[in-house]
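A quick write-up on the structure given underneath.
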Amino acid sequence: MDRAEDVPLYGRDPLLRALVPRLTGLKYDERARTAREFQRDLPVVLLTGRHGMGRSAVLRELAAHYRGRLPLAHIRIAPAGAFSTAGPRGALPGGTDADGHVVTDLVGVLAELARQLAPSYRRPFPVLLPGLFAVSSWNPADGAERDATCLRLARLLIACRLAEGSEQDVRQAWAAAVEARARAAAPPAPDAPDGTGSTGSTGVSMSRALHGEYAHRYRAGQERDWYRARFPQLPPGTDPLAVLGDWYHQGGDYRRAVERTLVAAFRHDVAGAYGRLQRWNREPWPLVLLDDVHLLAGRRFLDLLLEHRATPESPEREELVVVATRLGEPPGSGLGPLRRELPDLVRASGWERRDTSPSAGLLTVPLTPLSRDDVLPLLDTGSAGAPLHPYLASALHALTGGHPAATAMLCSAVRAATREGRAVAPRDLLDLSAPDGRPVSEALLERLLPDRRQRDRLTLLSLARDSVAAEALAARLRLAGPEQLPANAVADYLEQQHWQRLTPPESPLVTDPLLQRLLVHEARRLSPGPDDSRGWQEIHRFLQNHHAQRGDEGEADALRHMLAAGGVETVVASLAEVFQSEQDERGAGHWLRCLRYAATAPTPPERDWRDDRLRIALGAHDGRYPHLDDTERCVNRLLHALWYLSEPHTEPDPDTCTAIEQELAYLSLRHPSWRVALGQAARRWPAAARDKRPLPVPGQ
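What follows is the structure, given as structure tokens:
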């Protein structure tokens with residue numbers, strides 16, 4: 001879910017101004033009708049993307065533009081049990097927050113949909129409403145649960161014009177009436193001679209009392225016949241709504257059958273509310289916005305809705321436009337969901353039902369990153385004071401990969417700094433402050449990785465090359481917990497948060513580049529000092545020793561960690577020694593791979609190291625190294641040039657790229673068996689560095 005700062009909506013116009021208007025029949029920002037792309041069978045539009053890609057921001061924008069102009073419901077799904085029923089109003093079922101009304105189960109989804117759509121309908125939800133009362137209940141010993149359930153039902157009754165007064169008055173009246181009915185129906189307990197016994201803990205008796213009170217106040221009509229048709233096997237005279245409540249509380253397959261029935265009731269009522277007159281007048285179709293449907297309640301509602309729509313003999317054809325969001329990648333493959341990119345939506349989506357599978361009713365739209373051109377207006381908006389660095393937009397885009405939330409937060413931090421008269425260089429981006437005064441890297445990580453415990457673990461373990469090295473580091477740092485191995489636990493967390501898929505032991509622990517950069521920066525910023533076991537240098541020295549034990553296979557990793565720990569001279573000496581002693585022609589590729597990978601090392605903390613990489617690469621500090629011979633000085637300059645250009649924010653200036661070409665050409669002339677491989681690198685690496693592409697190694 002997108003929180004805190006607004007996520008920019010650049011590039012989302014094909015969705016906001018083209019597809020949704022063609023679905024609803026109403027223009028995005030004009031009080032005018034528009035031609036519909038679909039007449040009867042509608043797709044469910046599913047927006048997908050990682051944390052911070054703007055999923056919730058798109059729904060907020062749609063809600064802001066369409067609220068009051070057509071029937072609309074905006075709901076955010078939360079994990080089951082995530083909100084305490086004893087909490088504040090925003091934590092209650094049906095409570096609100098900035099991203100829509102919060103619900104945690106399927107019944108809550110249906111109740112909230114009915115509550116928000118009801119004011120637009122002449123006779124709102126006559127079939128669904130008694131079904132919702134029949135399955136609702138609470139534990140008689142839990143007053144907070146009773147108040148939350150009755151408040152949700154009170155809001156529903158008021159919205160459907162079946163009750164008058166304040167929400168709290170209706171809630172209290174219903175709670176008192178239902179509890180009195182439950183006590184009257186309960187058998188006397190042995191220890192309660194006055195007849196006030198326990199109603200049990202199953203919820204069935206309270207559910208029947210709720211349904212009984214509803215039936216008493218609002219005489220049953222055709223809705224009872226509708227439910228009876230769903231239970232044709234019932235004996236004559238059996239109340240189908242009582243059976244509905246019993247089955248719901250029985251759980252398992254019984255509850256699934258009830259949930260299917262309730263979704264059918266919802267569709268029946270929506271279809272009935274949109275009659276001939278509305279169709280004749282081409283009134284806009286209702287719009288439902290569902291956030292985070294990858295969670296259980298949202299996934300269940302969407303599955304049932306798609307299942308009903310895919311049934312050929314289904315009598316209901318409700319014209320309900322559903323736009324939902326899902327964290328992670330689009331679901332399924334093959335002939336099921338139809339996938340479209342945002343630019344494809346400008347004129348027509350091209351969706352049509354291709355088979356009878358429920359997933360064929362999905363139109364999935366991945367939300368893509370921002371372009372570099374999108375960053376420029378974000379930097380300039382409201383900026384004043386110090387002038388902006390000419391390549392700041394490029395550096396910011398390279399750092400974030402166009403991630404909308406990260407881009408928005410960093411642009412805001414840049415604008416705040418320039419308004420204070422401070423010049424911001426590309427290397428300063430992650431050292432800026434968020435609006436609340438915290439480091440912007442800390443605020444970003446908190447947003448992208450909500451779990452504090454796993455975030456703290458990842459900050460240290462992200463320095464490791466792979467899961468095996470991370471587990472060794474976790475043991476060294478004594479990271480323990482009640483669950484499984486710490487490295488496995490953080491890998492599972494990243495997969496659950498849809499940052500990556502299965503993480504093999506030999507793969508990087510964190511595969512997302514932005515996340516990796518933020519975690520490494522935080523590890524550097526929070527490093528306690530050079531002598532601390534959890535300090536930057538000690539961690540990298542431990543990891544260097546870990547990889548050195550693997551022989552040639554771990555040489556590149558060992559050199560990289562040695563460079564990250566500040567051991568530049570040791571790395572230069574090691575690379576120069578191999579260059580001068582290795583004669584095997586096949587060793588050139590291994591040497592270039594070690595050089596290339598070592599140069600991706602993160603830089604040490606600023607308090608322990610001065611960044612002179614560019615000046616050293618251009619030969620300005622050759623006088624510092626009188627003890628080095630010509631080959632060693634060449635390797636030193638080459639390593640620093642590659643190390644400098646490996647940073648995502650650095651602009652590959654021509655002098656540095658030329659230096660790479662010259663140093664590799666010089667080395668190629670001094671090694672008889674590596675001449676061809678080094679000569680190819682001298683031609684190809686400068687061009688790759690200029691384009692910020694991976695440096696090619698001959699033979700790969």
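Residues 1 to 700 in the working numbering are what the sequence shown spells out, letter by letter.
Every residue, glycine too, gets a C-beta built ideally from N, C-alpha and C.
Everything numeric in this text was worked out from a predicted model, so none of it was measured.
Taking 8 Å as the threshold (C-beta atoms), are residue j and residue i in contact?
i      : j      : result
Leu117 : Ala64  : no
Leu695 : Phe579 : no
Leu399 : Ala80  : no
Phe357 : Ala324 : Note that residue 357 corresponds to Ser in the displayed sequence, not to Phe. No, these two residues do not count as a Cβ contact at 8 Å.
Thr34  : Leu26  : yes
Leu9   : Ala57  : yes
Pro377 : Val321 : no
Arg541 : Ala565 : yes
Ser205 : Ala186 : yes
Ser433 : Val424 : no
Pro652 : Arg693 : no
Leu592 : Ala677 : yes
Arg115 : Leu156 : yes
Val258 : Phe301 : no
Ala682 : Pro698 : no
Arg347 : His308 : no
Going by Cα to Cα distance, which pick from the options is closest to residue i?
i      : options                           : result
Leu304 : Val44, Pro508, Ala184 and Glu522  : Val44
Leu463 : Leu430, Gln516 and Gln496         : Gln516
Glu606 : Asp291, Asp428, Arg693 and Tyr218 : Asp428
Val365 : Arg340, Gly143 and Asp380         : Arg340
Ser380 : Thr503, Ser205, Ser412 and Gly221 : The sequence given here places Asp at residue 380; Ser does not occur at that position. For Asp380, the nearest C-alpha among the options comes from Ser412.
Gly350 : Leu23, Asp691 and Ala141          : Leu23
Pro369 : Glu582, His403 and Leu444         : His403
Gly336 : Val346, Ser527, Ala265 and Leu362 : Leu362
Leu595 : Ser646, Leu618 and Ala134         : Ser646
Ser120 : Ala134, Ala173 and Arg161         : Arg161
Gly108 : Ile75, Pro126, Arg122 and Gln250  : Ile75
Leu509 : Leu473, Asp532, Glu538 and Pro528 : Leu473
Leu410 : Arg171, Tyr28, Arg422 and Asp431  : Asp431
Leu338 : Asp355, Leu59, Gly587 and Ala360  : Ala360
Arg447 : Phe38, Glu37, Gly54 and Arg36     : Gly54
Leu585 : Arg675, Asp629, Asp291 and Ala523 : In the sequence as presented, Leu is not what sits at residue 585; that position holds Glu. Here the closest residue by C-alpha is Arg675.
Glu316 : Ala265, Gln544, Gly298 and Arg670 : Ala265
On the CB-based measure, 16 or more other CB atoms within 10 Å of its CB, does residue i come out buried or exposed?
i      : result
Ser166 : exposed
Arg419 : exposed
Ala184 : exposed
Leu642 : buried
Arg613 : buried
Gln454 : buried
Glu701 : An answer regarding residue 701 cannot be provided, because it is not within the stretch 1 to 700 covered by the chain.
Pro435 : exposed
Thr407 : buried
Asp239 : buried
Thr511 : exposed
Ser527 : buried
Kindly indicate if chain C contains any beta-carbon less than 8 Å away from that of residue i.
i      : result
Leu509 : Annotation note: the requested chain C is absent from the structure, which comprises a single protein chain.
Where does residue i fall in DSSP's three states?
i      : result
Val321 : strand
Thr650 : coil
Pro605 : coil
Asp291 : strand
Thr511 : coil
Thr600 : coil
Ala111 : helix
Val346 : coil
Pro366 : strand
Asp691 : coil
Ser433 : strand
Thr238 : coil
Val440 : helix
Ala80  : coil
Thr503 : coil
Taking 7 Å as the cut-off, is the CB of residue i close to at least one heavy atom of the ligand FMN?
i     : result
Ala35 : Because no ligand of any kind appears in the structure shown, any question about the ligand FMN cannot be addressed here.
Review point. Are the segment 47-54 and the segment 5-16 in contact at 8 Å, needing three or more beta carbon pairs?
Key: A contact exists between the segment 47-54 and the segment 5-16.
Check your understanding: Do the segment 239-252 and the segment 119-134 touch if we need at least three Cβ pairs shorter than 8 Å?
Key -> Yes, the segment 239-252 is in contact with the segment 119-134.
Check your understanding: Would you call the segment 623-638 and the segment 648-666 touching, i.e. three or more CB-CB distances under 8 Å?
Key -> Using a C-beta cut-off of 8 Å, the segment 623-638 makes contact with the segment 648-666, since at least three inter-stretch Cβ pairs fall below that distance.
**Study point:** Sufficient close CB pairs (3 or more, under 8 Å) joining the segment 485-498 to the segment 457-473
**Key:** In short, these stretches touch, since the Cβ pair count reaches three.
Practice item. For the segment 597-606 and the segment 542-554, state whether three or more C-beta atom pairs, one from each stretch, are separated by less than 8 Å. Key: With a cut-off of 8 Å, the segment 542-554 and the segment 597-606 do not count as touching, because too few Cβ pairs lie within range.
Check your understanding: Pairing CB atoms from the segment 219-239 with CB atoms from the segment 163-183, are three or more of them under 8 Å?
Key -> When C-beta atoms of the segment 219-239 are compared with those of the segment 163-183, fewer than three pairs fall below 8 Å, so the two segments do not count as touching.
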